[in-house]
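In order, the protein sequences belong to chains A and B. Under my numbering, the first residue of the first sequence carries the number 93, and numbering increases by one thereafter. Under my numbering, the first residue of the second sequence carries the number 608, and numbering increases by one thereafter. Cβ coordinates follow ideal geometry from the N, Cα and C atoms, glycine included. Here the structure is a predicted model, which means the values were calculated and not measured.
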Amino acid sequence: GESVGLHLPTLSVQEGDNSIINCAYSNSASDYFIWYKQESGKGPQFIIDIRSNMDKRQGQRVTVLLNKTVKHLSLQIAATQPGDSAVYFCAEIPPPAGGTSYGKLTFGQGTILTVHP
Amino acid sequence: DAGVIQSPRHEVTEMGQEVTLRCKPISGHNSLFWYRQTMMRGLELLIYFNNNVPIDDSGMPEDRFSAKMPNASFSTLKIQPSEPRDSAVYFCASSLVLGSEAFFGQGTRLTVV
Chain A
93 GESVGLHLPT LSVQEGDNSI INCAYSNSAS DYFIWYKQES GKGPQFIIDI RSNMDKRQGQ
153 RVTVLLNKTV KHLSLQIAAT QPGDSAVYFC AEIPPPAGGT SYGKLTFGQG TILTVHP
Chain B
608 DAGVIQSPRH EVTEMGQEVT LRCKPISGHN SLFWYRQTMM RGLELLIYFN NNVPIDDSGM
668 PEDRFSAKMP NASFSTLKIQ PSEPRDSAVY FCASSLVLGS EAFFGQGTRL TVV
């Protein structure tokens, strides 16, 4: 029968544009969030993280925004370059509340970013 | 630092055979994770360890899957017997402590025919 895969969101931008990638996380108790970048044939690579006591964190060309009210994360990439083309994942970790899920790094489905020169 | 090292990079095996995937975490890291990635299901956490002790194996799909961490520098994920639906890329990741960022290996692409 026909196989049905995940339909990943896609974002296509021109080189030099700013990109915004969104993510809805699942656990309202999660207190640590990470954005990963995965290039073809490679493992996910850390980009930037944010704790739940912050709503914004900036890195080099990247900014992560956290809205705990609606359980939403976004990753902003400034002046996007062809080398930024990859799949981007947000990941969440619940707090050390004594439950069995502490440290359980769980990934979202990912977004495909394509940068056109 | 060599990063997380996985072996083999590629494995092709026949249905019914035993498959063993290997992982060497980053030295000094206390937590280790095994993930499976497929087009159908994305990145799934199979099992994770802290200080060599399994913490949560609820993601292990069936009893055919087992994982061990005999010491701080080595872990294995075994599938016995393997089935075609086990075909996927298997990633190992390690983190300094539980709850901190995880660093991933290059993955093992498993094909069961």
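task = Could you name the residues of chain A that glutamine 624(B) contacts, counting a contact when the two beta carbons are closer than 9 Å?
result = Within the second sequence, numbered from 1, the residue matching residue 624(B) stands at position 17. Under the 9 Å cutoff, chain A gives no residues; its nearest Cβ is about 23 Å from glutamine 624(B).
- Task: Could you tell me whether the region 133-142 of chain A touches the region 101-116 of chain A, using the rule of 3 or more Cβ pairs below 8 Å?
- Result: no
So cysteine 630(B) and glycine 712(B) are in contact, right, with Cβ under 8 Å, and what is the actual spacing, rounded? Along the second sequence, one-based indexing puts residue 630(B) at 23. Along the second sequence, one-based indexing puts residue 712(B) at 105. That pair is a contact at about 6 Å.
Q. When you compare only the Cα positions, how much space is there between histidine 617(B) and serine 122(A)?
A. For the purposes of this step, residue 617(B) is identified with residue 10 of the second sequence, where counting begins at 1. For the purposes of this step, residue 122(A) is identified with residue 30 of the first sequence, where counting begins at 1. Distance between the alpha carbons of histidine 617(B) and serine 122(A): 35 Å.
Practice task
Have a look at Pro209(A), Met146(A) and Ile142(A) and flag the residue whose alpha-carbon is nearest the alpha-carbon of alanine 171(A).
Solution key: In the first sequence, counting from the first residue as 1, residue 171(A) sits at position 79. It is Pro209(A) whose Cα lies nearest to the Cα of alanine 171(A).
Practice problem: Would you mind sorting proline 186(A) into buried or exposed? The rule is 16 or more other CB atoms within 10 Å of its CB. | Solution: Locating residue 186(A) in the first sequence gives position 94, where the first residue counts as 1. Looking at its Cβ environment, which holds 16 or more other Cβ atoms inside 10 Å, proline 186(A) is buried.
Q) Under the three-state reduction of DSSP, which class applies to arginine 692(B): helix, strand or coil? A) For this step, residue 692(B) is matched to residue 85 along the second sequence. In the structure shown, the three-state DSSP call for arginine 692(B) is helix.
What three-state label does DSSP hand aspartate 109(A) in the structure shown? Residue numbering aside, residue 109(A) sits at position 17 when the first sequence is read from its first letter. Note: aspartate 109(A) maps to coil in three-state DSSP.
I want to verify the contact list: residues of chain B whose CB lies under 7 Å from the CB of lysine 148(A), in sequence order. By 1-based counting over the first sequence, the position of residue 148(A) is 56. The premise fails here: lysine 148(A) is roughly 18 Å from chain B at the closest Cβ pair, so nothing lies under 7 Å.
- Query: Per DSSP, what kind of secondary structure is glycine 175(A) in: helix, strand or coil?
  - Reply: Locating residue 175(A) in the first sequence gives position 83, where the first residue counts as 1. In the structure shown, glycine 175(A) sits in a helix (DSSP, three-state: H, G or I).
* **Euclidean distance between Cα positions of threonine 715(B) and methionine 647(B)** => By one-based count along the second sequence, residue 715(B) stands at place 108. By one-based count along the second sequence, residue 647(B) stands at place 40. Those two C-alpha atoms are separated by around 17 Å.
Residues that glutamate 708(B) contacts on chain A, provided the C-beta gap is smaller than 7 Å
Translated into positions along the second sequence, residue 708(B) becomes position 101. Residues of chain A passing the Cβ test: Ile126, Phe138 and Asp141.
So, at 7 Å on beta carbons, what are the nonlocal neighbours of glutamate 94(A) in its own chain, with the 5 sequence-adjacent residues on each side left out? Counted from its first residue, the first sequence places residue 94(A) at position 2. A caution first: glutamate 94(A) carries a pLDDT of 44, below 50, which makes its placement in the model unreliable, though a value can still be read off. The answer is none, since no qualifying residue turns up.
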